[in-house]
Amino acid sequence: MSELLQFLFSGLTVGAVYALVALGFTIIYNASDVVNFAQGEFVMLGGMLTVSAYAAGLPLPLAALIAIVVTAGIGVALNKLAIEPARGAPVVSLIIITIGASIFLRGAAQVLFGKQIHRFPSFSGDTPLRIGGATILPQSLWVMAGGIAVFIALYLFFTRTLTGKAVLATSNNRLAAQLVGINTNWVMTLSFALSAAIGALAGVLITPITNTSYDVGIALALKGFAAAMLGGMGNPKGALVGGILLGIIEALTAGYLSSQYKDAAAFVIILLVLFFLPQGLFGARHTERV
Amino acid sequence: MTLRNLMTTAAALSALAAPALADINIGASISETGPAAFLGDPEAKTLRMEVEKINAEGGINGEKINLIIYDDGGDANKAKTFATRLVEDDEVVAVIGGTTTGTTMAMVPVFEDAEIPFISLAGAVDIIEPVKTFTFKTPHTDRMACEKIFADMKAQGFTKVGMISGSDGFGKSMQAQCKGVAEASGVEIVADEVYGPQDADMTPQLTNIKGSGAQAILNSGMGQGPAVVTRNHKQLAIEAPLYQSHGVASKQFIELAGAQAAEGVRLPAAALLVADQLPDDDAQKPVVIAYRDAYQAATGEDVSTFGGHAHDALAILKAAIERADSTDPVAIRDQIEATKDFVGTAGNVTYSPEDHLGLTLDAFKMLVIKDGDWTIAQ
Amino acid sequence: MRLGPKSTTLLVLAALIALTPVFFPSSFYYRVGSLIFINGLAVTGMVILIGYAGQISLGHAGFAGIGAYSCALMPVHWGVPVLLAAVLGALISAALAWLVGRPILRLKGYYLAVATLGFGILVYMVLMNEAWLTGGPDGTAVPDSGLRDMAKAIGINLKNSEFWYWFCGIVLTIGAWLALNLHDSPTGRALRALHGSEIAARTVGVDVAKYKLQAFVISAVYASVAGSLVALQNQFVTPDIAGYMHSIEWVTMTVLGGAGSVLGAIFGAGILTLLPQVLTRFAEYEQLLLGLIMMLVMIFMRDGLLPQVLRLIRGKDQ
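This is the structure we're talking about:
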């Protein structure tokens, strides 16, 4: 019994990491139908910039704040310099642009920060909490709390604020959104800033658990993308549930079946879900306009 | 620009950087990026630093070294391409590298065909067994690490071992070797778990090992995985002591795992990590201290045994070229094979026609982490 | 006599393959050439999938892995001749593509992308984990195909890298010829119709599911043969060949060069294969420059490099 609990705790820890990354995909996708493959690099930048600022002697909260703000600025720059000029290009070209951006950011981080692996201390120490014979690290709770907070904020943003609705409107029909007076350029800029900031926040929260280096973004983006698709792209609830589910599947597979094939099990489940629910668990039905 | 234009541009670019005739061209294909960057980065930095030093001191036999390093990213296909380039385009007289066993094995046929001496920096015993005429290596083999660890476990009275391995080349290669020598070493593998190199949490695997009755745990892996395993081992308060492999052998590991969690972790490693604690009459002491100080001054990073392997390879090569008094690859190869009692960071190296590894088990020291630092285990 | 676009493409391709070696400063460039042709073959398959049928795949390296490991494992474990193993590998890839393609191709856009990604990763994981069979991450040797000796027997005596340059060049030309024929066949027309709009195509009676599956299976065979060629040439293979970065690389080559045409995609394969070799002189900045180039091309040349280059040339003519 305590074993199952331990597996679930592990799944929640890892799942919360995936969920945070997946949530970052949501906004840009909602605003532009583009999956931003550089999202993992935002997470990396959040961690690496915090590491640098912290090493330079700044207190951790300030270092984290600087990292988030700088990353948000990089997100805006990405939109202004690479996405906006390519307006009207087919989606597959936009994907290649974001893949190019991810390679570029990774390359820049490699030059700036070097290739060492880094970490900064956990926020509330490393003494594990004991619950029912199983243990969990306080930092895991921070990651989970972060995931839930971002989820709630996004949910409120998309349903309660005019700006959030403008983002959704821009995604549905850019021209119509412009006609009703939405500044779609501004919406895109905001989306990139928010996505980058969420990514950076994820990086700050998870680094004490996962460590960070210039190339952690690829693996994180891959799992985050898979989690977002499992839940249904564009839906914050889907990102949260998809992420947690992916983490728990991996942990249970590692615990009960085979740790060799835990990643494989996750993808088998994703394939099965998509066979029966082609839009993911919470994805919106999409109809093609002819 | 057409394909042809680009080809000629590429050619012009390589011509531009072509060395003066008198230089000695030494090639290297290292995994500076990619999954094995943790190993490849210090290797490449060491080679650049050492070559600069040799050239500043007047080169080898009065000729400067022209070092050509390519980054194969850990990809065997790329490594093979760069090996071809080193031989056919750069016309090197010797090659160092192959950070991983996969890239090394992909390159071996190129150098054997072209009769160019090749000193690998990768772990697996397959590289030098069976002996290939032009291929040598400087690191200990995985099998030696396994034997060293199992011997230490047995000495402490542990015979039931739980294994947890990274799923990357390093981890899986060592996992296979350890399972191969377990019986001969008198220990039994009672659990065999695996994790991905960038996984965030290994508590499920460790929970299973805890439940398997293992008396000691062996983690074969490199990079950040072992740091997470060490933290999780502490988190679960597992009583069975944790053994790490030579794959974590740099100070960075203790920082990543946290001194508290790393306390008491044992591992086999070369003398490099405990340079200051060696007795003064140890022949290795001046060598490892000189390399460690130079590396830390040049890069500002902690020294690791992987950079040490590159240091040894270049030093062996330099001595061989000096003895051969020629830049003929075959003459250099013969002199590499004649290397005798070379004192390097990994230990005393004596190659022979039957042995292209040249190290014995006593080159490994058993270390234990105490108060955030390495100490030699008694 | 006026040449059709098909003959023009094949002539340009054959001329490039035949004449470029004149400019090679050393025999190393034959090796790069053969890699361009192998990637060119894989992206020719991607043109059928992306350019003709409008479907995406982030898992085609999985088929390359099957093609490569067939050449490595079948001869050693079951005594199959190496070349027959390559053919069997292509057949296995086709069968597998047919099996997974049927449910997967119902998905659209990113959902298709993640499903194919998952498929590729599953193949990669099997190659990594089943070390007793595949040699695991350290890879495994591939027996000599004997092709070079055959060429020798009929009087063509070439260095290893030269031989593979010509052999892969010929295979690529055949592959391009088949793809161009497909373009003009009823299947090709049906594919392009469903690329425009699946619903419209269905309305006029195109069996959408069947044609999408055909495109998927054909492109899988191209990828599998490309994988076999890598294995045969290197005589060594590691699971990297099935890694998802490889799949993404192929999609990028296709789109960067111009997904609409076989020649465009091969052009993209050429650029992205050459680039890392050119950039070795700026090793530290390689990734940075590569990413920058990808972004710039896609921003300023939306249809891909080749169409843009052709437009420039035509513009000058007028």
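The listed protein sequences correspond, in order, to chains A, B and C.
Just so you know, we're using our numbering here: the first sequence kicks off at 2 and counts up by one.
Just so you know, we're using our numbering here: the second sequence kicks off at 925 and counts up by one.
Just so you know, we're using our numbering here: the third sequence kicks off at 528 and counts up by one.
Beta carbons: idealized from backbone N, C-alpha and C, even for Gly.
Model, not experiment: these values are computed from the prediction.
With fewer than 16 other CB atoms across the displayed protein chains lying within 10 angstroms of its CB, P60(A) is exposed. Fully enclosed beta strand (DSSP E) runs of no fewer than 3 residues occupy 1059 to 1061, 1084 to 1090 and 1112 to 1119 of the segment 1059 to 1132 of chain B, in order along the chain. Using a C-beta cut-off of 8 angstroms, the segment 744 to 762 of chain C makes contact with the segment 582 to 598 of chain C, since at least three inter-stretch Cβ pairs fall below that distance. With contacts defined by Cβ atoms closer than 7 angstroms, P279(A) and R633(C) form a contacting pair. Boundaries of the alpha helix (DSSP H) around P237(A): P237 to L253. With distances taken between CA atoms, V1017(B) lies nearest to R1257(B) out of V1212(B), K977(B) and R1257(B).
C-alpha of A1124(B) to C-alpha of Q1148(B): approximately 10 angstroms in a straight line. For T661(C), there are no C-beta contacts with chain B under 7 angstroms, since the nearest C-beta of that chain is about 11 angstroms from it.
Under DSSP, S953(B) shares a beta bridge with Y994(B) and G1021(B). Out of D711(C), A541(C) and T571(C), the CA that lies nearest to the CA of F694(C) is found in A541(C). Taking 7 angstroms as the threshold, the shortest C-beta distance from N656(C) to chain A falls below it. For the pair K1084(B) and G1137(B), the CB atoms are nearer than the 7 angstroms cut-off. In the three-state reduction of the DSSP assignment, E776(C) falls in the helix class.
Between F193(A) and G76(A) a beta carbon distance of about 4 angstroms is seen, short of the 8 angstroms cut, so the two are scored as contacting. Taking a C-beta cut-off of 7 angstroms against chain A, the contacting residues of the segment 1109 to 1128 of chain B are E1117, V1118, Y1119, G1120, Q1122, A1124, D1125, T1127 and P1128, listed in chain order. Straight-line measurement puts the Cα of E813(C) at about 11 angstroms from the Cα of T957(B). Counting the other CB atoms within 10 Å of its CB gives D1076(B) a total of 16 or more, which places it among the buried residues. Pairing A1048(B) with S1089(B), the inter-Cα distance amounts to about 15 angstroms. Put simply, the segment 92 to 110 of chain A does not touch the segment 226 to 242 of chain A. Fewer than three CB pairs are less than 8 angstroms apart.
Under the Cβ criterion (8 angstroms, minimum of three pairs), the segment 1221 to 1237 of chain B counts as touching the segment 963 to 983 of chain B. For L1281(B), the CB contacts under 7 angstroms within the same chain, skipping 5 residues up- and downstream, are I1052, K1061 and T1065 in chain order.
The C-alpha of T14(A) lies about 10 angstroms from the C-alpha of T211(A). As DSSP reads the structure, S1174(B) sits in a beta bridge with S1228(B). In this chain, S1144(B) is not harboured by any alpha helix (DSSP H); it is covered by the beta strand (DSSP E) spanning A1140 to S1144. Put simply, of Q1129(B), A1000(B), A1038(B) and D1204(B) the residue whose alpha carbon is nearest the alpha carbon of V1254(B) is A1038(B). The beta-carbon separation of D995(B) and F555(C), rounded to 17 angstroms, does not stay under the 8 angstroms limit for a contact.
DSSP places D1037(B) within a helical segment (H, G or I) once states are collapsed to three.
DSSP places P209(A) in the helix class (H, G or I) of the three-state scheme. Here T1025(B) is near A1046(B), since their CB atoms are less than 7 angstroms apart.
In the DSSP assignment, D1258(B) falls within the alpha helix (DSSP H) that extends over P1253 to E1261. With three or more CB-CB distances shorter than 8 angstroms, the segment 105 to 122 of chain A counts as touching the segment 1176 to 1185 of chain B. Using a 10 angstroms sphere on the CB of Y1275(B), the tally of other CB atoms reaches 16 or more, which defines it as buried.
Around T779(C), the beta-carbon contacts reaching into chain A at under 7 angstroms are I97 and I100.
Look at the segment 1173 to 1227 of chain B and you find these whole runs of beta strand (DSSP E), each 3 residues long or longer: 1190 to 1193. At least 7 angstroms separates the beta-carbon of L1285(B) from that of A1193(B).
For M234(A), at least one C-beta of chain C is nearer than 7 angstroms to its own C-beta.
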